[in-house]
Structures are given as structure tokens and as C-alpha cells.
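Structure, as C-alpha cells:
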Amino acid sequence: MQAFLKGATVQTSRSQKDKTPSGPSTEKKARAVPWVEKYRPKCVDEVAFQEEVVAVLKKSLEGADLPNLLFYGPPGTGKTSTILAAARELYGPELYKQRVLELNASDERGIQVVREKVKNFAQLTAAGTRQDGKPCPPFKIIILDEADSMTAPAQAALRRTMEKESRTTRFCLICNYISRIIEPLTSRCSKFRFKPLANQIQEKRLLDICEKENLKYSKESIAALVQVSEGDLRKAITFLQSAARLNVEKEISERVVIEIAGVVPSKMVHDLLQICFKGTFEKLEVAVRDLVDEGFAATQVLSQLHDSIIESDLNDKQKSVITEKMAVVDKCLADGADEYLQLLSLCSVVMQQASHN
Ligand SMILES: Nc1ncnc2c1ncn2[C@@H]1O[C@H](COP(=O)(O)OP(=O)(O)OP(=O)(O)O)[C@@H](O)[C@H]1O
Ligand SMILES: [Mg+2]
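For our numbering, add 2 to where a residue sits in the sequence shown, where the first one is 1.
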């Protein structure tokens with residue numbers, strides 16, 4: 003903890019000195035920027051693992067037209083990075099401000115803003131050349147990041163604008179949950195699903211960063227990072243940076259990664275299940291209480307129990323009853339229910355099912 007705090011103060015004092023994001027070469031500046039930002043892809047080519055969308059964007063960089071885009075997929079898979087990199091490449095730094103309107107969930111995007119700001123921006127004309135005479139696309143781009151948090155009326159207000167201004171404006175909607183975007187909008191866009199990043203790709207990126215940052219690491223720690231982040235590269239990079247902060251001078255180990263990620267040690271999960279299978283209710287209550295007191299997040303315990311149950315020797319009927327209960331517990335936890343009671347109720351169902359053997 004001490005080391006972490008120390009690291010944090012160093013970071014703020016340095017970041018005041020150099021405000022511009024640095025290249026990976028200078029080691030002193032390196033600490034000033036969070037690594038997720040420092041290693042954010044600067045051009046479309048650097049985006050890993052999302053081949054389809056990269057291909058479409060590269061065509062438009064070569065001069066082809068760009069459709070309206072809808073990016074969706076889990077967090078940390080490169081959606082925001084991809085469109086920002088593409089926009090920067092299309093327009094260059096000078097034109098970027100004039101041609102790109104970027105709105106995300108931190109901006110007001112109610113129906114009023116769509117009617118005024120978005121519509122007005124969309125109506126502006128766009129020339130096909132830059133001031134310096136170089137060609138550039140004859141359209142503007144409106145990026146609506148985190149579009150799933152826009153209200154339905156605000157989304158509906160976009161429909162006509164999108165069609166009417168199609169000569170001068172392309173929209174790029176980005177969201178995690180495509181089901182929250184209204185159908186008429188999805189049908190106006192080319193949809194691209196951003197997949198969770200494959201393990202080798204994540205591993206390669208992490209190793210790259212380790213090398214650039216001069217980190218000492220064990221092979222297992224990288225494997226653990228990939229495993230705990232579940233395809234979310236942002237999470238993996240953030241954990242790596244925390245681990246590096248904690249372990250100044252020493253090697254990053256698997257144990258540190260697991261600790262940072264808040265993963266429940268597999269022995270604890272195993273013991274809990276054994277109590278469900280063979281123990282008594284009193285023991286179960288104590289074990290669940292211990293887990294909660296240790297400070298493990300109930301959602302984390304749930305997800306690890308889920309994996310263990312799926313792999314266990316229970317029969318199909320037992321597994322289906324348990325996983326059904328898991329879904330209910332997950333929803334209750336998301337709604338803010340008591341962690342101890344939820345875990346206990348889940349474990350009770352596991353116990354009940356196991357006793358049917
Ligand atoms: N496909 C990728 N290629 C290279 N780097 C990536 C990729 N995906 C994620 N990253 C890394 O993760 C960071 C976060 O990515 P980004 O902001 O694009 O995620 P996102 O998909 O927009 O997530 P969210 O849905 O949470 O907004 C980037 O700065 C980059 O370092
Ligand atoms: Mg994003």
C-alpha cells in the first residue's frame with residue numbers, strides 16, 4: 003500500500019511537468035500517463051483483433067465512402083480507440099476539431115441537444131479538400147459514444163437527421179448493449195461487433211508493454227492477467243500497471259496479480275463447494291460469513307462458483323437448477339441486495355441439489 007501511495011504522488015507531480023502524452027521511449031515521462039492511454043492505438047492499423055471493422059475503415063482511408071457505423075461489444079475491446087484513431091487519420095490534427103463531433107455519456111445528450119447541437123453540426127457543409135490542398139473526405143463524423151445511455155426519444159430524434167444529412171455527415175454510434183439501441187437506428191448503420199480479445203493477442207500486447215516499460219515479470223503472471231481480464235484489454239493493462247507500481251524493483255508474480263484482481267483463491271472456492279456437498283448448514287454459514295468478511299466481492303465468488311459448478315460431477319438437472327438460481331442471485335446483487343444472504347441462499351440451493359444424489 004505504501005508503495006502504491008508513493009507511486010501515486012510521483013505520478014501527479016510528474017504529470018504537472020509534462021502535459022503532453024509521451025512516446026514509449028522516454029522512461030521518466032512514461033509514469034505520467036496511465037498506460038491504457040499511453041498505449042491506446044494511434045492509428046487503425048494498431049487496433050488488434052477486430053479485422054472486419056479495420057478493413058472497412060482502411061478502405062475509407064483510401065478514399066472510399068464510409069457507412070454510418072454502429073460499434074458494439076464488451077468493455078475494453080477497442081471501440082472508442084478505433085473510431086478516434088480513424089477520425090484522426092482521416093482528417094489530420096488541424097481539421098479534426100472542425101469535422102468531428104464527439105459526444106459521450108458525460109455530455110448532455112437529451113432530445114434537446116440532438117435537436118440543436120447534433121442537427122446543427124450535421125447541417126454544416128464539408129469540403130473535399132483541406133486548406134493545404136490535400137484531399138480529405140467530403141463528410142463530417144459525429145461520434146456518439148456510450149449511445150446505450152441515450153434515451154429512446156433522443157435516439158428517435160436522430161433518425162431523420164441521419165437520413166437527411168447523409169450527404170455531409172456520417173454517424174458512429176458506440177455501445178455495450180446493442181439491445182438498448184432502437185431498431186430504426188440499428189437498421190441505418192453497418193453493425194460491427196467487437197469481440198473480447200483472444201488470449202494470445204492480449205498476451206502479446208502485455209508483453210509489448212512489459213518490454214517498453216522495462217518490467218520484470220514471470221510467465222505465469224502474464225497468463226494470470228490474461229485470465230482475470232476475460233478479454234478486456236483495458237482491465238489487463240490497468241492491472242499490469244497496478245502490479246508494476248506495487249512491485250517496484252521486484253518481479254511481477256502471479257500472486258500479486260491475483261491479489262490485485264480480487265480473485266478468490268481457488269482453494270477457498272473448492273472448500274466452500276466441499277462443504278455444500280458434504281458438510282452441514284452450520285459449517286456452510288460460517289464459510290460464507292468468512293468469505294464475505296475477507297472482503298471478496300460476491301459477484302466474483304458467484305462467477306468462480308459458476309465455473310466450478312459447470313465443471314463439477316453434478317448431473318444436468320442439478321446443474322440447471324443451480325445455474326437458474328445463480329441468475330437470480332446475480333440480478334439481486336446487481337440491484338444491491340445483501341451479499342451474505344445472497345451467497346448463503348445460493349450455497350443452500352447447491353447443498354439441497356447435492357443431497358439429491
Ligand atoms: N483491439 C484493441 N487493440 C489495441 N488496444 C486495445 C484494443 N482494445 C482495447 N485496447 C486497449 O484498451 C484501452 C481501452 O480501449 P477502448 O477505450 O477503445 O475500449 P472500449 O471498447 O471503448 O470500451 P468501453 O465499452 O468501456 O468504452 C485502450 O486504450 C487500449 O490500450
Ligand atoms: Mg469506449
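Built from N, CA and C at the ideal position, the CB exists for glycine as well. Treat the numbers as computed from the prediction; the structure is a model and nothing was measured.
- prompt: Quick one: does the C-beta of Q243 sit closer than 7 angstroms to a heavy atom of ligand 1?
  reply: Working through the sequence shown from its first residue, we reach residue 243 at position 241. Not one heavy atom of ligand 1 sits closer than 7 angstroms to the Cβ of Q243.
task: Provide the residue span of the alpha helix (DSSP H) that contains R257, from first to last.
output: Indexing the sequence shown from 1 puts residue 257 at position 255. Element bounds for R257: E256 to A263.
- request: Give me the Cα-Cα distance between S350 and L199, rounded to the nearest whole angstrom.
  value: Within the sequence shown, residue 350 is the residue found at index 348, counting from 1. Within the sequence shown, residue 199 is the residue found at index 197, counting from 1. A direct Cα-Cα distance of roughly 36 angstroms separates S350 from L199.
query: When you compare only the Cα positions, how much space is there between F51 and L208?
result: Your numbering for residue 51 matches position 49 in the sequence shown. Your numbering for residue 208 matches position 206 in the sequence shown. Roughly 14 angstroms between the two C-alpha positions.
- request: May I have a chain-ordered list of the alpha helix (DSSP H) segments no shorter than 4 residues that lie completely inside the region 27-110?
  value: If we require 4 residues or more, the alpha helix (DSSP H) runs fully inside the region 27-110 come out as 29-32, 37-40, 53-63 and 81-101.
Residue of V102, F283, D234 and S192 minimising C-alpha distance to K142: Position 140 of the sequence shown holds residue 142. The candidate whose alpha carbon is nearest that of K142 is V102.
DSSP state of T301 mapped onto helix, strand, coil: What you label residue 301 is simply residue 299 of the sequence shown in a count that begins at 1. DSSP places T301 in helix when its eight states are reduced to three.
task: Decide yes or no for the touch test of the region 340-347 against the region 293-303: beta carbon pairs closer than 8 angstroms, at least 3 of them.
output: With a cut-off of 8 angstroms on Cβ pairs, the region 340-347 is in contact with the region 293-303, counting three or more such pairs.
- prompt: On the three-state DSSP scale, how would you describe S362?
  reply: Only positions 3 to 359 of the chain appear in the structure, and residue 362 is not among them; the question remains open.
Top-ranked residue by Cα proximity to M164, from V116, A154 and E205: As a first step, residue 164 must be located in the sequence shown, where it is residue number 162. Selection V116, A154 and E205 evaluated against M164 yields V116 as nearest (Cα-Cα).
- request: Please indicate yes or no: does the CB of K193 lie closer than 7 angstroms to some heavy atom of ligand 2?
  value: Position 191 of the sequence shown, counted from the start, is the residue given in the question as residue 193. In this structure, K193 has its beta carbon at no less than 7 angstroms from each heavy atom of ligand 2.
- prompt: In whole angstroms, what separates the C-alpha of F194 from that of Q229?
  reply: Residue mapping note: residue 194 aligns to position 192 of the sequence shown, counting from 1. Residue mapping note: residue 229 aligns to position 227 of the sequence shown, counting from 1. The straight-line gap from Cα to Cα measures roughly 25 angstroms.
message: Does the contact criterion of 3 or more C-beta pairs under 8 angstroms hold for the region 49-66 versus the region 248-263?
response: Because the criterion of three Cβ pairs below 8 angstroms is not met, the region 49-66 and the region 248-263 do not touch.
query: Does the region 60-72 come close enough to the region 214-231 to have 3 or more Cβ pairs within less than 8 angstroms?
result: Using a C-beta cut-off of 8 angstroms, the region 60-72 makes no contact with the region 214-231, since fewer than three inter-stretch Cβ pairs fall below that distance.
message: Can you find the residues in the same chain that come closer than 6 angstroms, C-beta to C-beta, to M363, ignoring five residues on each side of it along the sequence?
response: Since the first residue of the chain shown is 3 and the last is 359, residue 363 is not available in this structure.
- request: Could you name the residues whose beta carbon sits closer than 7 angstroms to any heavy atom belonging to ligand 2, keeping them in chain order?
  value: Environment of ligand 2, chain-ordered: K81, T82, D147, E148 and I176, taking every residue with Cβ within less than 7 angstroms of a heavy atom.
Rounded C-alpha distance that separates A329 from K214: Counting from 1 along the sequence shown, the entry for residue 329 is found at position 327. Counting from 1 along the sequence shown, the entry for residue 214 is found at position 212. Each residue's alpha carbon lies about 42 angstroms from the other.
task: Provide the residue span of the alpha helix (DSSP H) that contains F283, from first to last.
output: Taking the first residue of the sequence shown as position 1, residue 283 is located at position 281. Secondary structure note for F283: its alpha helix (DSSP H) is the uninterrupted segment F283 to D295.
query: By Cβ distance, which residues of its chain are closer than 6 angstroms to V294, with the 5 residues on each side in sequence left out?
result: By 1-based counting over the sequence shown, the position of residue 294 is 292. Once the five neighbours on either side are set aside, the close Cβ partners of V294 are E341 and Y342.
message: Taking the straight line between their C-alpha atoms, what separation do you get for K119 and N106?
response: Within the sequence shown, numbered from 1, the residue matching residue 119 stands at position 117. Within the sequence shown, numbered from 1, the residue matching residue 106 stands at position 104. Approximately 13 angstroms between the Cα atoms of the pair.
- prompt: Going by other Cβ atoms of all chains shown within 10 Å of its Cβ, with 16 needed for buried, is T325 buried or exposed?
  reply: For the purposes of this step, residue 325 is taken as the residue at position 323 of the sequence shown. Counting every other CB atom within 10 Å of its CB across the protein chains shown gives T325 a total below 16, marking it as exposed.
- request: Identify which residue in R291, A89, Q157 and F279 has its Cα closest to the Cα of H358.
  value: On the sequence shown, residue 358 is found 356 positions in, with the first residue counted as 1. If we check each option's Cα against that of H358, F279 comes out closest.
- prompt: Just how far apart, CA to CA, sit I113 and V259?
  reply: As a first step, residue 113 is located in the sequence shown; it is residue number 111 there, counting from the start. As a first step, residue 259 is located in the sequence shown; it is residue number 257 there, counting from the start. Each residue's alpha carbon lies about 44 angstroms from the other.
- request: Classify K136 as helix, strand or coil using the three-state DSSP reduction.
  value: Translated into positions along the sequence shown, residue 136 becomes position 134. Of the three classes helix, strand and coil, the one that applies to K136 here is coil, per DSSP.
Close beta carbons around A263, own chain, < 7 angstroms, minus the five adjacent residues each side: For this step, residue 263 is matched to residue 261 along the sequence shown. Only residues of its own chain outside the window of five on either side were considered, and among them V230 and F241 have a CB closer than 7 angstroms to the CB of A263, listed in chain order.
query: Are the beta-carbon atoms of L72 and T188 separated by less than 8 angstroms?
result: If you number the sequence shown from 1, residue 72 lands on position 70. If you number the sequence shown from 1, residue 188 lands on position 186. Contact: yes.
message: Within 10 Å of its beta-carbon, does F283 have 16 or more other beta-carbons around it, so buried, or fewer, so exposed?
response: As a first step, residue 283 must be located in the sequence shown, where it is residue number 281. Its Cβ having fewer than 16 others within 10 Å, F283 is exposed.
task: Indicate whether A158 and I184 have their beta-carbon atoms separated by less than 8 angstroms.
output: For the purposes of this step, residue 158 is taken as residue 156 along the sequence shown, with counting starting at 1. For the purposes of this step, residue 184 is taken as residue 182 along the sequence shown, with counting starting at 1. By the CB criterion at 8 angstroms, A158 and I184 fall inside the cutoff.
- prompt: Rounded C-beta distance between P140 and A129? I'm assuming under 8 angstroms.
  reply: Your numbering for residue 140 matches position 138 in the sequence shown. Your numbering for residue 129 matches position 127 in the sequence shown. About 7 angstroms separates the two Cβ atoms, so the contact holds.
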